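What follows is a single structure, written as structure tokens, with notes after it.
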Amino acid sequence: MIEGLFWLFGGTAIVAAFLCITGRSPVASALWLVLALFALAGIYVLLDAQFIAVLQVLVYAGAIMVLFLFVIMLLNAGRPGVATDMKGGAGRVTAALLGLGLVFELLAIRGWMPADQLRLPAGAIAELSREHGAVRLVAEPLFTGYLVPFEITSLLLLAAVVGAVVLAKRKL
Amino acid sequence: MLLGPSLAVSAVLFALGVAGVLLRRNAIVIFMCVELMLNAVNLTFVALAQQLGVAGQIFVFFVMAVAAAEAGVGLAIMLAIYRHRQTVDLRNINLLKG
């Protein structure tokens with residue numbers, strides 16, 4: 096059951112990602128990417144990361160992709176009739192060969208597994224999530240052990256906000 | 189156990205993202221392929237978090253924050269480039285190529 100659902104979501108993600116990189120229009124590419132991100136959120140639920148799945152839908156499929164679509168339409172890059180932006184024969188062959196090579200490399204190192212002493216017993220995260228709730232599972236370490244990285248992230252976001260305004264504003 | 193299949197899906201998604209960066213010329217589409225790669229890495233983090241502890245899920249949180257900042261600044265740069273050149277096609281933007 097879970098395996099079947101996993102392959103449904105995984106297959107959807109891979110097909111949508113392929114259509115995203117080969118789609119003619121940037122708007123279609125963006126919408127295929129949204130589908131891939133939704134499928135990934137489904138996989139996160141199957142992997143006992145419910146809170147991350149919610150964040151994926153809210154932040155990625157919601158906020159970030161709306162920003163992308165907004166800019167595509169603002170730049171009028173999605174109009175039909177424009178020649179495709181795909182590279183020609185040599186570029187396609189290079190991309191396919193490098194992509195395939197990378198897949199085989201990554202699948203080869205997949206055989207490496209963490210040492211047994213490091214591994215949690217099966218279902219440990221699901222058990223913790225059932226005891227404390229899915230949000231607390233992530234939030235508690237985030238606000239204790241990872242407090243300094245969390246604060247630095249807020250600084251990063253502040254810098255990004257200021258930078259985006261400075262770059263995109265016509266006259267300050 | 190979904191660890192092996194998750195890492196396989198993640199590997200394919202990452203390679204598709206790399207292929208997309210090499211294949212396309214539109215800067216915005218290339219940017220979306222970079223987001224695809226970030227998501228493939230997130231999937232690896234979540235899959236390994238199931239076995240190695242919840243720290244993996246917290247790293248996904250940080251990756252999402254960095255991706256949001258990157259999308260905001262990157263798209264602002266693209267707007268600025270479009271205002272000067274009326275295009276985001278990378279054939280016409282090669283100032284740093286020398």
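These protein sequence lines are chains W and H, in that order. If you want my numbering, it's the position in the first sequence, counting the first as 1, plus 95. If you want my numbering, it's the position in the second sequence, counting the first as 1, plus 188. For every residue, glycine included, the Cβ atom is placed at its ideal position computed from N, Cα and C. Model, not experiment: these values are computed from the prediction.
- Under the Cβ criterion of 8 Å, H:ASN227 is counted among the residues facing chain W.
- In the three-state DSSP reduction, H:ASN214 falls in the strand class (E or B).
- Those residues of the stretch 192-216 of chain H placed with their C-beta closer than 7 Å to a C-beta in chain W are GLY192, PRO193, SER194, LEU195, ALA196, VAL197, ALA199, VAL200, LEU201, PHE202, ALA203, LEU204, VAL206, ALA207, GLY208, LEU210, LEU211, ARG212, ARG213, ASN214 and ILE216, ordered along the chain.
- DSSP places W:ILE159 in no alpha helix (DSSP H); its state is neither H nor E.
- When Cβ pairs closer than 8 Å are counted between the two stretches, the stretch 134-144 of chain W is seen to touch the stretch 226-233 of chain H, the count reaching three or more.
- When secondary structure is reduced to three states using DSSP, W:MET181 falls in the strand class.
- Shown here for H:LEU236: same chain residues with a beta carbon closer than 6 Å to its own, the five before and five after excluded, namely GLY244 in chain order.
- Within chain H, LEU211 have C-beta atoms less than 7 Å from the C-beta of W:ARG187, given in sequence order.
- At least one beta carbon of chain H lies nearer than 8 Å to the beta carbon of W:LYS182.
- At a Cβ-Cβ threshold of 8 Å, W:ILE109 and H:VAL206 do not count as neighbours.
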